[in-house]
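Residue numbers for the sequence shown follow the working numbering, so the first one is 28 and each next one is one higher.
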Amino acid sequence: MEHTALKTRLENKLQDLQHTQQEIIQTSLSPSHSDYLAFADNTLDVIRGNLKSQPLSLDLFDIVKSPSGGSTVFSVPGLSGDEPQKELTGIILDYTTPRAYWDTPDPVEGTPPACMSTNSIISQDGKACAHCPYNDFGSKDGETNAKACKESVLLFLLRPDNIIPLLVRVPVTSKSRFLKYSTRLLSTLTPISSVVTRITLEKATSKSGKPYALFHFEAVSTLSAEDASHAKEFSRRFMEIVNASDIEPALSEAN
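Shown next, in the form of structure tokens:
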């Protein structure tokens, strides 16, 4: 009897805690007004009309990579060329966690890998990534703790004034930061596509003294229920347009 009562009290406390967490994220983030061009009723029709039934392959997307030399400024493609931006803000519609292995130490950009995976779990030839020797720490050169198989996260970031998401490539050094951010949202049952995310860079230094940039992710506002629904539906229908057969070359680009 006492065991049943204790179990009931614990379950009630857990429910109260989950309710409190949900209230915190809802009250700490200000509502976001709909300024997203992609949420117009005819957006997907315009995309299909412009494509003329051709696939929207990922090599047509603008992509932002981690800057070199520890710079904390993004280089974002624009109509007049690359533009420096201190932060990227928008809705993360979707993301992938690709990984790729090259059998040369310094592959030329665009060189296809010897092996790759679109989800970091199963390789293109059906093998488990967890059991691959190139996934072992120190397998890159034997002198550092780096893996020979290169991991990253590819974000589909929808900005207010664009209907085509910006691809943001998050390097392995910041992969865990993004996954922790995603998990924090998950802990309060908050879909990642229902918040506006701000991405910035922080200067860091490796153990060997080499400067690099770490990604920082912050939820700056929540979408209204209507816009969150729009974002979810737009993401689903937009990704259907993207030609799945063209995903691998874009994910596995050497850089």
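Even glycine gets a Cβ: it sits at the ideal position worked out from N, Cα and C. Just so it is clear, the structure is predicted and the values come from calculations on it, not from any experiment.
Note to self: Quick check on the burial criterion: 16 or more other C-beta atoms within 10 angstroms. Buried or exposed for P192?
What the structure shows: buried
Item checked: K230, DSSP secondary structure in three states -> strand
Item checked: Contact belief for D163 with K174 at Cβ below 8 angstroms, rounded distance in angstroms -> 7 angstroms
Notebook entry, point to check: How is S179 classed by DSSP in three states: helix, strand or coil?
Noted result: strand
Checklist line | Range of the contiguous alpha helix (DSSP H) that encloses A252 | finding: A252 to I268
Checklist line | For P82, the three-state DSSP class (helix, strand or coil) | finding: coil
Item checked: Terminal residues of the alpha helix (DSSP H) in which T210 lies -> V199 to S214
Checklist line | Classification of D254 by the beta-carbon crowding that lies within 10 angstroms, buried from 16 upward | finding: buried
Next item on the list: Kindly indicate the opening and closing residues of the beta strand (DSSP E) around E110.
Entry: G108 to Q112
Check: How would you call K177, buried or exposed, if buried means at least 16 neighbouring beta carbons within 10 angstroms?
Finding: buried
Item checked: Neighbour-count burial assignment, G117, 16 or more Cβ in a 10 Å radius -> buried
Note to self: Which same chain residues end up closer than 6 angstroms to F265 when comparing Cβ atoms and leaving out the 5 residues on each side of it in sequence?
What the structure shows: none
Check: So does the segment 222–238 actually touch the segment 109–126, counting three or more Cβ pairs closer than 8 angstroms?
Finding: yes
Next item on the list: Using DSSP bridges, identify the partner residues of E245.
Entry: R225
Check: Which first and last residues belong to the beta strand (DSSP E) in which L115 is found?
Finding: L115 to T123
Check: Per DSSP, G105 forms a beta bridge with which residues?
Finding: G108
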